[in-house]
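Peer 1: Going by my numbering, the sequence shown opens with residue 68, and the numbers climb by one from there.
My structure is below; once you've seen it, I'll send some questions.
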Amino acid sequence: MSDTPPEKRARTEATVDDAKPVHFNRGFLDEQFISKFHTAFTDAELAQHTNVESNGCQAEIMAQPFHTGRLHSVFSAEFLRALRRELAGLTWHERANDLYAFHQTDDLALNTNTHIRALRTYLAGDEFVAFMEQITGVQLTRGHLDLAAQRYKPTNHLLCHDDDVQRGKLTRKIAYIIYLTEDWAPGDGGALGLFAQDDCGNPTEVVARLVPEFNSLGFFLTGHSSYHTVEEVTSDDRERWSVTGWFYGPAETDDMPSSDLPKSVMAEPVPLLEHTCDPARWINAAYLKPQTQAQIQDSFVEQSSTELRDFLRADVFATVQTEVATLWASATEQGPAHVCKYLKAHATHEAAPVTHELLQFLQSTQFACVLSSVTSLDLVRASQQVRRFDRGHYTLVHDQALDPAGLDVVLSLSPAEWIDTWGGSTHYVADADELLSVSPQANSLSIVMRDDGTLRFVKYVNHTAQESRQEISMLFIEDCEDVTTAKPNVVDVMARILLCWVCARASQADAQNYRVETTVETGDKRFDKYAGISEQIISEAILCILCLSTVGVGVAAVAETSIPASLVLLLSFSDSPCMHTHVFCLLRKLCAKHSVRRAMADSRWKSETGFYAILNGFTRAQTALRLRNRFDSVANCLFALVSDMAYKLMSHEAIEGRSTAISGDCMEKAVVSGLAFVNAFIEAHSSATDRLRVRNEFLDTALYQSMKLLEAPEF
């Protein structure tokens, strides 16, 4: 019901004694009305739409798909008109993400305008809260109420969600909406749509609607079944105004778990096909030239994305467009609605022979080789869908339907010109920041490397769209064999040795003694058990070093640039040849995976220049997409830190794979030297507020991870 973003927090309301009366229709407080409404609203067997009338007051209850109430003529009309005039004078913020697009005020909890204050005071007061408890049968907590105003302009919307959000010991109990727009017609859009559910509890389709009506109060109980939407405003010259929020109550202890999603939502990548076909039959010859591929690869390594226009041969593209147009009549709609809505087609050899062969080629090892030539990635598995997005279609970011990290490859079959205002573009986001957006263009192949921290969604296609977004959407997965094969119970001794040194340094103890004690305690033979090293644990270890040095850099940026430096650090802490073997093996795999020259990948770091090449080649491929967010400068700065540390550490190592353990003093100097550069950069380029916020985030995350590791029983 609520038009406000799901993450909005409850506010404790202050009592305002001199607030202007809201002129609430007192007839609703009559015991006879309350009794009638309560009886119907709480009747679990109620299956029909029911009208409730008493003492001149009118209300209705929509029984399906879940009980939703509406009270008519709730306040004085003049009061609401004055309220709207006050709201019009406030600052409005445009809110837009995968789920919604509308305009909203700040939280109205502390607003001092006369009519706004009066409404807030009455809604949060004991009389109205008690009234809502009586008609719904739900216990509410006094003093907690969300209140904000929304304006839905043409094409604005709020997609399917359930409002089921818990805040500590409180949870949302009742969602409410007060309509402020007069003479609204069903054809204007903006209705509150209520979703039915399938046997698994997932939302399917809108089966009931509440059309905006001036001076009416709609409400329902929030929970796992309260899936709803605010449908797109389709009027070209009207805005839908409302005040919305939630009443809160004690959180239930026996909440049902969330519903499982259908398997069709998350297509499982499968091994590539061994398909024998000349790529020149399908692909524009320009993209098969080694010189062109090298140029594309250079750009991709820097940007983590590229777009290849006129990718298919013109004759192939024309044939595929014609064949695909015949497939949509038998296409199936994908859902559930709180995850996605679009059409998926199946191309058989009989119905679309050329398209069928093209799809096989696009999921083959031969096409993967073409992609490898322009991305440097070793791809071994892929998933594939032929999709169409019509008006009202979209995909959402959902915790249970996240794609695995990989290479997103989309061949657009859309018309030549796609207007951005139609929606339908693909957006890549991380930590609430937009990294990249890609609009569909005819016969264009978009390629984007998406890491674990990056999410994507297809923006809602609005009613102004004159075409459909049509595409072949693919996800390719890299070859990660043996890179992170360590089992969950593996001690990851190398990372723990590093953490011992971290803790020693933090407590001003002797780092060298910690290193020796740990080596003796574990013993070199233990390393023979392990077939690989956990990249995550290694990353966390280097994260802790930087964290305890009180450097204010972003967690995401550090985690992605940590592995090369951590490998060097790990090598420096043991004389174990077996440890060196594992580290070198892992490094070679990582370097090969990210297009570092084979000679460098196989080298034993015979010079500082060789290590720089390995480090930079690996790091660029890992972090290029992340470097486009707000931590771009700090991440670049981190390259200098890691390189400086590596240079100083390598100067203490013997050649040919042997290592001499470095002292704590030497390590201290190497780290401090790099940190001084980072701190100087941050001081010059960041505000004090940003430094404090980022540093606190960094410390909280890194310290938690280090303590979690140190508490492991093996340690």
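Backbone N, C-alpha and C define an ideal beta-carbon position, used for all residues, glycine too.
Taking the alpha carbon of residue 394 as the reference point, which residue from 272, 403, 514, 416 has its own alpha carbon closest?
Peer 2: Measuring from the Cα of residue 394, the nearest candidate turns out to be 416.
Peer 1: Taking 6 Å as the limit between beta carbons, can you name the residues of its chain near residue 504, skipping five residues before and five after?
Peer 2: Excluding residues within five positions, the ones whose Cβ falls inside 6 Å are 492, 494.
Peer 1: Please state whether DSSP places residue 400 in a helix, a strand or coil.
Peer 2: The answer is strand: DSSP assigns residue 400 an E or B state.
Peer 1: When burial is assigned at 16 or more other CB atoms within 10 Å of the CB, is residue 115 buried or exposed?
Peer 2: Counting Cβ neighbours within 10 Å, residue 115 comes out exposed, since fewer than 16 surround it.
Peer 1: How would you write the range of the alpha helix (DSSP H) that residue 453 sits in, first residue to last?
Peer 2: First-last for residue 453: 446-456, but that is the beta strand (DSSP E), not the alpha helix (DSSP H).
Peer 1: By how many angstroms is the C-alpha of residue 518 removed from the C-alpha of residue 778?
Peer 2: Any reading at residue 778 must be qualified, since the residue scores a pLDDT of 42, below 50, and its modelled position is unreliable; no value is offered.
Peer 1: On the CB-based measure, 16 or more other CB atoms within 10 Å of its CB, does residue 230 come out buried or exposed?
Peer 2: Buried.
Peer 1: Can you give, in chain order, each stretch of the beta strand (DSSP E) that sits fully within the stretch 147-214 and has at least 3 residues?
Peer 2: With a minimum length of 3 residues, the continuous beta strand (DSSP E) runs that stay inside the stretch 147-214 are 160-163, 167-171.
Peer 1: Thinking C-alpha only, which one of 274, 209, 424, 109 is nearest residue 296?
Peer 2: When only C-alpha atoms are compared, the closest one is 274.
Peer 1: Let me confirm a value: residue 376 is counted as buried when at least 16 other C-beta atoms fall within 10 Å, else exposed. Which label applies?
Peer 2: So residue 376 ends up on the exposed side.
Peer 1: Do residue 455 and residue 536 have their CB atoms nearer than 8 Å?
Peer 2: In contact: residue 455 and residue 536 (Cβ atoms closer than 8 Å).
Peer 1: Considering just the uninterrupted stretch of the alpha helix (DSSP H) at residue 103, what are its terminal residues?
Peer 2: Looking at the DSSP string, the run of the alpha helix (DSSP H) that includes residue 103 is 98-108.
Peer 1: Taking one C-beta from the stretch 115-125 and one from the stretch 177-191 each time, how about it: are there three or more such pairs within less than 8 Å?
Peer 2: Because the criterion of three Cβ pairs below 8 Å is not met, the stretch 115-125 and the stretch 177-191 do not touch.
Peer 1: What does the alpha-carbon distance come out to for the pair residue 240 and residue 460?
Peer 2: If you take the alpha carbons of residue 240 and residue 460, they lie about 30 Å apart.
Peer 1: Taking all protein chains shown into account, decide if residue 299 is buried (16 or more other Cβ within 10 angstroms of its Cβ) or exposed.
Peer 2: So residue 299 ends up on the buried side.
Peer 1: Which one of 390, 392, 391, 412 has the shortest CA to CA distance from residue 400?
Peer 2: Comparing Cα positions, the closest option is 412.
Peer 1: So, at 6 Å on beta carbons, what are the nonlocal neighbours of residue 555 in its own chain, with the 5 sequence-adjacent residues on each side left out?
Peer 2: At residue 555 the pLDDT is 26, less than 50, meaning the model places this residue with poor confidence and gives no usable figure here.
Peer 1: Would a C-beta distance cut-off of 8 Å place residue 168 and residue 228 closer than the cut-off?
Peer 2: The answer is no: Cβ separation not under 8 Å.
Peer 1: Hey, residue 438 and residue 543 are a contact pair by Cβ (cut 8 Å); roughly how many whole angstroms apart?
Peer 2: Going by Cβ atoms, the distance from residue 438 to residue 543 rounds to 7 Å, so yes, they are a contact pair.
Peer 1: Enumerated in chain order, which unbroken segments of the alpha helix (DSSP H) with a length of 4 residues or greater are wholly contained in the stretch 357-417?
Peer 2: Runs of the alpha helix (DSSP H) inside the stretch 357-417: 357-370, 381-392.
Peer 1: According to the neighbour-count rule (16 or more other Cβ atoms, all chains shown, within 10 Å of its Cβ), is residue 539 buried or exposed?
Peer 2: By the 10 Å Cβ count, residue 539 comes out buried.
Peer 1: State the Cα-Cα distance for the pair residue 353 and residue 338, rounded to the nearest angstrom.
Peer 2: Roughly 28 Å between the two C-alpha positions.
Peer 1: Considering only residues of the same chain and omitting the five flanking positions on each side of residue 340, which have a CB-CB separation below 8 Å?
Peer 2: Closer than 8 Å at Cβ, skipping near neighbours: 427, 430, 431, 432.
Peer 1: Please state whether the Cβ-Cβ distance between residue 271 and residue 404 is less than 8 Å.
Peer 2: Cβ atoms of residue 271 and residue 404: closer than 8 Å.
Peer 1: Between which two residues does the beta strand (DSSP E) holding residue 287 run?
Peer 2: Taken as a continuous stretch (DSSP letters only), the beta strand (DSSP E) holding residue 287 covers 283-288.
Peer 1: Give me the Cα-Cα distance between residue 653 and residue 287, rounded to the nearest whole angstrom.
Peer 2: Since pLDDT at residue 653 reaches only 40, below the 50 mark, its modelled position is unreliable, and no value is offered.
Peer 1: Closest to residue 366 by C-alpha separation, out of 349, 440, 342, would be which residue?
Peer 2: With distances taken between Cα atoms, residue 366 lies closest to 440.
Peer 1: Would the beta-carbon of residue 12 fall within 8 Å of that of residue 406?
Peer 2: The requested residue 12 does not occur in the structure, where the chain is confined to residues 68 to 782.
Peer 1: Do the CB positions of residue 212 and residue 190 come within less than 8 Å of each other?
Peer 2: In contact: residue 212 and residue 190 (Cβ atoms closer than 8 Å).
Peer 1: If you run the structure through DSSP and keep just helix, strand and coil, what is residue 143?
Peer 2: It is coil, neither helix nor strand.
Peer 1: Please state whether DSSP places residue 254 in a helix, a strand or coil.
Peer 2: Correct three-state label for residue 254: helix.
Peer 1: If you run the structure through DSSP and keep just helix, strand and coil, what is residue 236?
Peer 2: Coil, per DSSP.
Peer 1: Name the two residues that bound the continuous alpha helix (DSSP H) containing residue 428.
Peer 2: Per DSSP, residue 428 belongs to the alpha helix (DSSP H) from 420-429.
Peer 1: Give the straight-line distance between the Cα atoms of residue 183 and residue 502, rounded to the nearest whole angstrom.
Peer 2: Whole-angstrom Cα-Cα distance: 38 Å.
Peer 1: Tell me, please, whether the CB atom of residue 118 is closer than 8 Å to any CB atom in chain D?
Peer 2: No chain D appears in this structure, which consists of one protein chain only.
Peer 1: So who's on the other strand from residue 496, going by DSSP bridges?
Peer 2: 501, 522, per the DSSP bridge assignment.
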